[in-house]
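Q: Mapped onto mature numbering (1 follows the signal peptide of the UniProt record, and there is no 0), the consecutive letters of the sequence shown carry residue numbers -24 to -1, 1 to 157.
Even glycine gets a Cβ: it sits at the ideal position worked out from N, Cα and C.
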Amino acid sequence: MDKGVPMDLVTVLLFALACSLAFASDPNPLQDFCVATKDSNEFVNGKFCNNPKDAKADDFFFSGLDKPGDTSNKQGSNVTAVNVDKLAGLNTLGISVARIDFAPYGLNPPHTHPRATEIIVVLEGTLYVGFVTSNTNNRLFTKVLKKGDVFVFPIGLIHFQWNMKIPMLLYLPLLAAKILG
Ligand SMILES: *[C@@H]1O[C@H](CO)[C@@H](O)[C@H](O)[C@H]1NC(C)=O
């Protein structure tokens, strides 16, 4: 339940958009926040909460998305995820963020997030993206994205991203789930 991609923030505008998507996929929390405890090995629908009286600003903070991931691997891409394991305050909020770096012609291969809508913004380069609708139509939607472009992958649908042209490229996906699964 903790394998995920999510992370930190891009802009207030994008975050607000992602939040609205989050409400569509995860139930609203029953409290202001539920900072994840690291002290329990129990499996629940999310992680147990720390006592809210112990919460501090750093529970809602992550630093380091400015650092590129190492793309010298077979797929030529690297996902830096900020999920509940790295940002305990994300627990139960239904939102996360990630950075993905691509080598030239690097690929983030087809995959799905059954419980998350993903919205991306391209910060550099040219990205070929696509998703396939569910049975029985299996329609393929593709688009070439450039710097500043935004694209959304609807919840549960198989999708991919490919760096089709320019050397280094990165984008920031925002996921409407605290955990990618
Ligand atoms: C992604 O980049 C990080 C930071 O450079 C590195 O530690 C990690 O091994 C890389 N992952 C892959 C799959 O290449």
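Kindly examine ligand 1 and report whether one of its heavy atoms sits closer than 8 Å to the Cβ of residue 124.
A: Flag unset: Cβ of residue 124 not near ligand 1.
Q: Just mark residue 40 as buried or exposed, buried being the case when its beta carbon has 16 or more other beta carbons within 10 Å.
A: Answer is exposed; the Cβ neighbour count stays below 16.
Q: Using a threshold of 9 Å, state whether the C-beta atoms of residue 7 and residue 84 are closer than that.
A: Not in contact: residue 7 and residue 84 (Cβ atoms no closer than 9 Å).
Q: Identify which residue in 17, 53, 16, 98 has its Cα closest to the Cα of residue 126.
A: Selected option, being the one with the closest Cα: 98.
Q: Cβ of residue 46 versus every heavy atom of ligand 1: is any distance shorter than 8 Å?
A: For ligand 1, at least one heavy atom lies less than 8 Å from the Cβ of residue 46.
Q: Would a C-beta distance cut-off of 9 Å place residue 54 and residue 60 closer than the cut-off?
A: Taking 9 Å as the Cβ cut-off, residue 54 and residue 60 do not qualify as a contacting pair.
Q: Go to residue 39, then tell me how far its beta strand (DSSP E) extends in each direction, as first and last residue.
A: Counting along the chain, residue 39 falls outside any beta strand (DSSP E), and DSSP gives it neither H nor E.
Q: Could you give the distance in angstroms between the alpha-carbon of residue 12 and the alpha-carbon of residue 73?
A: Using only the alpha carbons, I get a separation of about 17 Å.
Q: What's the C-alpha gap between residue 101 and residue 15?
A: If you take the alpha carbons of residue 101 and residue 15, they lie about 42 Å apart.
Q: With respect to the beta strand (DSSP E) encompassing residue 78, which residues constitute its N-terminal and C-terminal limits?
A: Counting along the chain, the beta strand (DSSP E) containing residue 78 begins and ends at 72 to 78.
Q: Report the residue from 77, 124, 57 whose alpha carbon sits nearest the alpha carbon of residue 38.
A: Selected option, being the one with the closest Cα: 57.
Q: Give me the DSSP bridge partner(s) of residue 159.
A: Within the shown structure, residues of the chain are numbered from -24 to 157, placing residue 159 beyond reach of any answer.
Q: Mapping the DSSP letters down to three states, classify residue 82 as helix, strand or coil.
A: Looking at residue 82 - three-state DSSP - the assignment turns out to be coil, as it is neither helix nor strand.
Q: So what does residue 25 bridge to, in DSSP terms?
A: Paired residue(s): 12.
Q: For residue 65, I'd like the list of residues in its chain whose CB is within less than 7 Å of its CB, leaving aside the five on either flank, ordered along the chain.
A: The answer, listed in chain order, is 9, 11, 35, 36.
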